[in-house]
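Read the structure below first, then the notes.
Residue numbers (mature numbering (1 follows the signal peptide of the UniProt record, and there is no 0)): -25 to -1, 1 to 386.
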């Protein structure tokens, strides 16, 4: 989930904010239990490109462990209760996986043992501090480059080159192949078998974000498996739907009580594309561009929580935080899916961002606004580096205004 520039947004006027009242669940749907307690106060810890941790590849095991523990301690100081730890950034692993190589972000060399078990340690140290640990996986990204020869010789993508699509200068597993879905699901569920993680977490990457002038070449897979669908887009959405449903079923079978959450890009569809969509003019729509029907997953209770990345300020013309928060509250209304808001702490104080993000109170206003919606059960902040550094005091303002006392993680 490293923040990169999204496609440009067009200008638009957005609807006025309106609260969504609480109501009982529709028949046949799992409602949020009346006795549910706790509030999500989370932060992401990104390991891809050493974004948050470790600070650089090649540190000793003791140095890596000390940095990881420091992030957990920072979460406790900020009165957070959940850490979303990226353990499979690029078809690799931060635990001794029998399926995939050790991550290059640990040692600098893919496949090299780091001398310790980061995920096992993270789970134990988080739980010792009263934190929940959500294991964050990226299902299909293989490499941030396009050269299979740079992967370790035993890498599954090298042993199975037909599984891989080169697109936008990167390597991806092809979601349209049943054998790929089975493999990535098993590779991820291995961590659930080994460790008492509190949740499995996916980010926003399913089919890759569109790259102008390039085509994701899944012709052969579509010809082989897509005959029952009206078009390629419907087939691709079904492929992603299958991964979500099958992963959820696998988690329930292996470790009942472990939750499953997804943090998608914040716009499902614009209202100009679909009347059910949000009053936005986003240049990316997850349903159409990433083939991820995030609204359906939430409304039909395929997942336990959804944490849309609402990485815009209140009043942003093309994707207003207030408008999107209201829209997502309406999506989960009457369902059993919990809603957490993904917050762009990384933008606070960034000189490249608009004026709103230079105000330390912007994020605190997000939490104040969310109090109007009983459907919003908490917030997750991107990311750990900014929780610690807090360059303009935006996180400190959130803590002072909203997190005066610790609360238990959601159950």
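Each residue gets a CB set at the ideal place from its N, CA and C atoms; glycine is no exception.
**Asked** Can you tell me whether DSSP reads residue 39 as helix, strand or coil?
**Response** helix
Review point. Would you say residue 276 and residue 310 are within 7 Å of each other, going by their C-beta atoms?
Key: yes
I need the straight-line Cα distance from residue 281 to residue 315, nearest angstrom please. 6 Å
Ranges of the alpha helix (DSSP H) found wholly within the region 332 to 363, counting only runs of at least 4: 337 to 345
Item to complete: Give a yes or no on contact between the region 247 to 259 and the region 207 to 219, applying the rule of three or more CB pairs nearer than 8 Å.
Response: no
Q.
Runs of 3 residues minimum, wholly inside the region 76 to 145: which ones carry the beta strand (DSSP E) assignment?
A. 107 to 112, 116 to 118, 139 to 142
Quiz prompt | Spatially closest choice to residue 113 from 26, 270, 63, 151, by CA coordinates | solution = 63
* Asked: Who does residue 245 pair with in a DSSP beta bridge?
  -> 253
Going by Cα to Cα distance, which pick from 264, 257, 137 is closest to residue 291?
-> 257
Starting from the C-beta of residue 42, find all residues in its chain whose C-beta is less than 7 Å away, skip the five residues before and the five after it, and write them out in chain order. 28, 29, 30
Excluding the 5 residues preceding and the 5 following residue 186 in the sequence, name in chain order all residues of the same chain whose CB lies nearer than 6 Å to its CB. 143
field: Cut-off 8 Å between Cβ atoms - residues of its own chain near residue 8, not counting five sequence neighbours on either side
entry: Unreliable placement is indicated for residue 8, whose pLDDT of 38 sits below 50; the coordinate value is still reported in the next sentence. For residue 8, where only same-chain residues beyond five positions count, there are no Cβ hits under 8 Å.
- [ ] Round the Cβ separation of residue 115 and residue 181 to the nearest angstrom and send it over; I've been treating them as touching at under 8 Å.
- [x] 7 Å
Can you check whether the CB of residue 155 is closer than 7 Å to the CB of residue 226?
no
Contacts around residue 222, its chain only, beta-carbon distance under 6 Å, and the 5 residues preceding and following it disregarded: 160
Original post:
Apart from the five residues on each side of it in sequence, which residues of its chain come closer than 8 Å, Cβ to Cβ, to residue 2?
Top reply: Note that residue 2 has pLDDT 31, beneath the 50 cutoff, so the model's placement of it is unreliable and no number is given.
Three-state secondary structure (DSSP) of residue 20: strand
Measure the alpha-carbon distance for residue 70 versus residue 359 and round it to whole angstroms.
-> 20 Å
Point to revise | Burial state of residue 195 (16 or more Cβ within 10 Å) | key: exposed
CB-CB length for residue 140 against residue 173, believed under 8 Å | Going by Cβ atoms, the distance from residue 140 to residue 173 rounds to 33 Å, so no, they are not a contact pair.
Buried or exposed: where does residue 11 fall if 16 or more other Cβ atoms within 10 Å of its Cβ makes it buried? In this prediction, residue 11 scores a pLDDT of 48, lower than 50, which makes its location untrustworthy; the coordinate-derived value is nonetheless stated afterwards. Exposed, since its Cβ has fewer than 16 Cβ neighbours within 10 Å.
Review point. Does residue 243 come within less than 7 Å of chain B when only Cβ atoms are used?
Key: Considering every chain present, this structure includes no chain B. It has just one protein chain.
**Asked** In three-state terms, what does DSSP make of residue 315?
**Response** strand
### Query
Any idea what DSSP makes of residue 367, helix, strand or coil?
coil
ask   = Considering only residues of the same chain and omitting the five flanking positions on each side of residue 152, which have a CB-CB separation below 7 Å?
value = 138, 196
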